[in-house]
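> I am attaching a structure below and will ask some questions about it afterwards.
Chains as they are written, first to last, in our numbering: chain A, 1 to 376; chain B, 1 to 69.
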């Protein structure tokens with residue numbers, strides 16, 4: 001192999017001689033076997049973008065620097081000289097004889113660099129209107145399917161599912177398992193977002209990730225991911241990190257939950273609260289509509305009864321008065337009253353010689369008629 | 001296993017209950033009908049409560065491998 005070509009065997013006339021191109025190819029073959037993918041941390045310097053297509057920069061530490069190259073479409077975070085960055089890529093020897101790293105992925109590391117990249121990208125995307133509050137959509141009124149993008153091994157995902165299950169039933173949760181930190185995670189989340197949008201898999205998509213360091217959460221400041229969230233046809237809710245963490249993904253999402261648990265709460269009603277609400281309403285309806293109505297009816301009946309009673313009493317009184325008058329009138333026909341005035345009452349046949357009975361106020365007299373004459 | 005129709009059914013019945021409850025405060029309210037309407041609403045509320053306590057969520061993992069480009 002390559003050792004055969006490189007070993008200094010000046011005394012050995014059997015050493016194969018190869019072309020420069022062949023040498024570079026052999027070295028690259030060796031590198032692809034022993035260093036197929038490397039991950040390197042260093043400070044970015046001499047950063048530049050050529051023709052809007054190619055990114056060149058050096059990655060350096062105190063003693064050494066190495067040239068880096070990547071296509072611009074793979075650059076998902078703003079970079080500038082002085083930032084600390086972690087790259088993953090392949091080392092190779094170029095045909096010009098220089099050693100470089102072909103970068104597959106690059107992320108800023110260290111709080112200063114992450115913050116700087118965040119601010120640069122935020123300003124750029126804000127200018128493009130990706131965070132415009134007017135573009136935010138509310139949660140759908142009737143949610144029956146929730147698309148969940150998360151790592152199914154993550155604690156944040158477990159919290160989210162647990163709370164959704166506790167709060168409400170009958171929902172369908174369509175879960176896309178992706179990485180949620182480190183190299184490649186942003187691309188995986190983008191693919192899951194695209195998949196759900198293409199298949200119209202859900203009423204709403206929840207991007208879920210529990211708390212972590214700034215480095216862990218840096219994936220949610222990836223430019224391509226932020227753009228994918230902003231352009232999702234299906235409304236997106238983010239539940240990423242803790243309450244104090246705000247990512248660019250949060251700013252692009254339609255709804256932001258402070259944590260995975262909070263996202264679960266925002267997406268679901270609490271079945272116990274709802275049942276209590278129903279019971280309370282039934283009680284209110286009973287009290288206000290039924291019991292009050294019955295009370296009103298009883299009150300009305302009482303009023304009507306009182307009026308009837310008054311009428312009856314009036315009539316009875318009138319009757320009593322009439323009866324009293326009648327009694328008085330009848331009394332005037334009582335013979336005793338006439339006798340009391342000094343008159344007398346005769347009974348018997350009025351003929352001369354007949355016996356008659358004379359009744360006075362206090363006597364009954366038997367008498368004989370001695371004479372009769374007509375009264376003129 | 002919960003189906004989409006279960007969920008739709010539950011949602012539809014929740015809306016139906018809301019409508020029934022609104023009737024008690026509406027101009028359509030009639031004393032002759034109140035007992036029947038209240039009984040209907042109470043029965044529906046009981047059914048919804050039962051379903052809410054019984055219904056489980058369905059979890060479906062997408063088989064697509066998003067880690068592959």
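Using N, Cα and C, we set each Cβ at its ideal position, and we do this for glycine too.
Can you tell me whether residue 50 of chain A is helix, strand or coil according to DSSP?
Translated into positions along the first chain, residue 50 of chain A becomes position 50. Looking at residue 50 of chain A - three-state DSSP - the assignment turns out to be strand.
> What residue range does the beta strand (DSSP E) around residue 177 of chain A cover?
Taking the first chain and counting its residues from 1, the one referred to as residue 177 of chain A is at position 177. Note, residue 177 of chain A: beta strand (DSSP E), 172-177.
> Taking Cβ positions only, does residue 43 of chain B come closer than 8 Å to chain A?
Position 43 of the second chain, counted from the start, is the residue given in the question as residue 43 of chain B. Chain A has no Cβ within less than 8 Å of the Cβ of residue 43 of chain B.
> Between the Cα of residue 39 of chain A and the Cα atoms of A:338, A:340, A:215, A:183, which residue gives the shortest distance?
For this step, residue 39 of chain A is matched to residue 39 along the first chain. Comparing Cα positions, the closest option is A:183.
> State yes or no: is the beta carbon of residue 49 of chain B nearer than 8 Å to at least one beta carbon in chain A?
By 1-based counting over the second chain, the position of residue 49 of chain B is 49. Interface residue, yes.
> Quick one: does residue 1 of chain A have its CB under 8 Å from some CB of chain B?
Numbered from 1 along the first chain, position 1 holds the residue referred to as residue 1 of chain A. Caution is warranted here: a pLDDT of 48 is assigned to residue 1 of chain A, below 50, making its placement in the model unreliable, and the coordinate value is therefore given only provisionally. Not one chain B Cβ lies under 8 Å of residue 1 of chain A.
> Let's test the definition: count the other Cβ atoms within 10 Å of the Cβ of residue 129 of chain A and tell me whether it reaches 16, buried, or not, exposed.
Taking the first chain and counting its residues from 1, one reaches residue 129 of chain A at position 129. When all chains shown are included, residue 129 of chain A counts as exposed.
> How would you write the range of the beta strand (DSSP E) that residue 257 of chain A sits in, first residue to last?
As a first step, residue 257 of chain A is located in the first chain; it is residue number 257 there, counting from the start. Per DSSP, residue 257 of chain A belongs to the beta strand (DSSP E) from 255-257.
> Any residues in the region 146-165 of chain A with a beta carbon nearer than 8 Å to a beta carbon of chain B? Which ones, in chain order?
152, 161, 164, 165
> Counting beta carbon pairs with one atom in the region 143-162 of chain A and one in the region 196-209 of chain A, are three or more of them shorter than 8 Å?
yes
> What does a CB cutoff of less than 7 Å around residue 214 of chain A pick up in its chain, not counting 5 residues either side in sequence?
The residue given as residue 214 of chain A occupies position 214 in the first chain. Excluding positions up to five away in sequence, the list reads 111, 114.
> Compare the C-beta of residue 76 of chain A with all C-beta atoms of chain B and state if any pair is closer than 8 Å.
As a first step, residue 76 of chain A is located in the first chain; it is residue number 76 there, counting from the start. For residue 76 of chain A, the answer is no, since every Cβ of chain B falls outside 8 Å of its Cβ.
> Which full runs of the beta strand (DSSP E) of 3+ residues lie inside the region 25-81 of chain A, going along the chain?
38-50, 54-60, 65-71
> So with CB distances below 9 Å, who are the chain A contacts of residue 33 of chain B?
Taking the first residue of the second chain as position 1, residue 33 of chain B is located at position 33. For residue 33 of chain B, there are no neighbours in chain A by C-beta distance under 9 Å, as the nearest C-beta there is about 11 Å away.
> Just to confirm my understanding: we take residue 352 of chain A, look at its own chain, exclude 5 residues before and 5 after, and list those with CB closer than 8 Å. What are they?
Position 352 of the first chain, counted from the first residue, corresponds to residue 352 of chain A. So the list reads 369, 370, 371, 372, once near-sequence residues are dropped.
> First and last residue of the alpha helix (DSSP H) that includes residue 118 of chain A?
Along the first chain, read from residue 1 onward, the residue named residue 118 of chain A stands at position 118. Following the DSSP letters along the chain, one finds residue 118 of chain A inside the alpha helix (DSSP H) bounded by residues 111-128.
> Alpha carbon to alpha carbon, what distance is there between residue 269 of chain A and residue 260 of chain A?
The residue you call residue 260 of chain A lines up with position 260 of the first chain. The residue you call residue 269 of chain A lines up with position 269 of the first chain. Cα to Cα, residue 260 of chain A sits roughly 15 Å from residue 269 of chain A.
> To the nearest angstrom, how far is it from the Cα of residue 289 of chain A to the Cα of residue 273 of chain A?
Indexing the first chain from 1 puts residue 289 of chain A at position 289. Indexing the first chain from 1 puts residue 273 of chain A at position 273. Approximately 23 Å, taken between the alpha carbons.
> Should residue 173 of chain A be labelled buried (16 or more other beta-carbon atoms within 10 Å of its own) or exposed?
Counted from its first residue, the first chain places residue 173 of chain A at position 173. By the neighbour-count rule (16 or more Cβ atoms within 10 Å), residue 173 of chain A is buried.
> Going by beta carbon distance, what residues of the same chain come within less than 6 Å of residue 189 of chain A, once the five residues before and after it are set aside?
Locating residue 189 of chain A in the first chain gives position 189, counting from the first residue. Contacts found: 149, 178, 225.
> With 16 as the cutoff for other CB atoms within 10 Å, does residue 168 of chain A come out buried or exposed?
Here residue 168 of chain A refers to the residue found at position 168 when the first chain is read from its first residue. Classification for residue 168 of chain A: buried.
> Between which two residues does the alpha helix (DSSP H) holding residue 240 of chain A run?
The count along the first chain starts at 1 and reaches residue 240 of chain A at position 240. Per DSSP, residue 240 of chain A belongs to no alpha helix (DSSP H); it is in the beta strand (DSSP E), 236-240.
> When we look at the beta-carbon of residue 1 of chain A and count the other beta-carbons within 10 Å, is it buried (16 or more) or exposed?
By 1-based counting over the first chain, the position of residue 1 of chain A is 1. A caution first: residue 1 of chain A carries a pLDDT of 48, below 50, which makes its placement in the model too unreliable to give a value.
> Give the straight-line distance between the Cα atoms of residue 299 of chain A and residue 281 of chain A, rounded to the nearest whole angstrom.
On the first chain, residue 299 of chain A is found 299 positions in, with the first residue counted as 1. On the first chain, residue 281 of chain A is found 281 positions in, with the first residue counted as 1. If I take the Cα positions, the gap works out to 25 Å.
> Against residue 290 of chain A, what residues of chain B qualify as contacts under a CB-to-CB distance less than 7 Å, listed in chain order?
Stepping through the first chain from its first residue, residue 290 of chain A is reached at position 290. Chain B residues near residue 290 of chain A: 34, 38.
> What does residue 281 of chain A touch in chain B if you count any residue whose Cβ is under 8 Å from its own?
Translated into positions along the first chain, residue 281 of chain A becomes position 281. By Cβ distance, chain B contributes 21.
> For residue 201 of chain A and residue 60 of chain B, what's the separation of their Cα atoms in angstroms?
Residue 201 of chain A sits at position 201 when you count from the first residue of the first chain. Residue 60 of chain B sits at position 60 when you count from the first residue of the second chain. Rounded to whole angstroms, residue 201 of chain A to residue 60 of chain B spans 11 Å at the Cα level.
> Which one of B:52, B:36, B:44, B:65 has the shortest CA to CA distance from residue 165 of chain A?
To locate residue 165 of chain A, count along the first chain from 1; it is residue 165. Checked all of B:52, B:36, B:44, B:65; the closest Cα to residue 165 of chain A is B:52.
> Taking residue 293 of chain A as the reference, which of B:26, B:28, B:40, B:34 has the closest Cα?
What you label residue 293 of chain A is simply residue 293 of the first chain in a count that begins at 1. When each option's Cα is compared against that of residue 293 of chain A, the closest is B:34.
> For the region 45-55 of chain A against the region 75-87 of chain A, are there 3 or more C-beta pairs whose distance is under 8 Å?
yes
> Under the three-state reduction of DSSP, which class applies to residue 278 of chain A: helix, strand or coil?
On the first chain, residue 278 of chain A is found 278 positions in, with the first residue counted as 1. If DSSP states are grouped into helix, strand and coil, residue 278 of chain A belongs with the helices.
> Could you tell me the distance, in whole angstroms, from the CA atom of residue 263 of chain A to the CA atom of residue 238 of chain A?
Sequence index remark: in the first chain, residue 263 of chain A carries index 263 (1-based). Sequence index remark: in the first chain, residue 238 of chain A carries index 238 (1-based). Roughly 7 Å separates the two Cα atoms.
> Report the three-state DSSP secondary structure of residue 377 of chain A (helix, strand or coil).
What is shown of chain A runs 1 to 376, which leaves residue 377 of chain A out entirely.
> Could you name the residues of chain A that residue 60 of chain B contacts, counting a contact when the two beta carbons are closer than 8 Å?
In the second chain, residue 60 of chain B corresponds to position 60, counting from 1. 172, 173, 174, 175, listed in chain order.
> Taking all protein chains shown into account, do 16 or more other C-beta atoms lie within 10 angstroms of the C-beta of residue 306 of chain A, making it buried, or fewer, making it exposed?
Taking the first residue of the first chain as 1, we reach residue 306 of chain A at position 306. The residue in question, residue 306 of chain A, is exposed, as its Cβ has fewer than 16 Cβ neighbours within 10 Å.
> Starting from residue 378 of chain A, follow the alpha helix (DSSP H) in both directions and report where the run begins and ends.
Nothing can be reported for residue 378 of chain A, as the shown portion of chain A is limited to 1 through 376.
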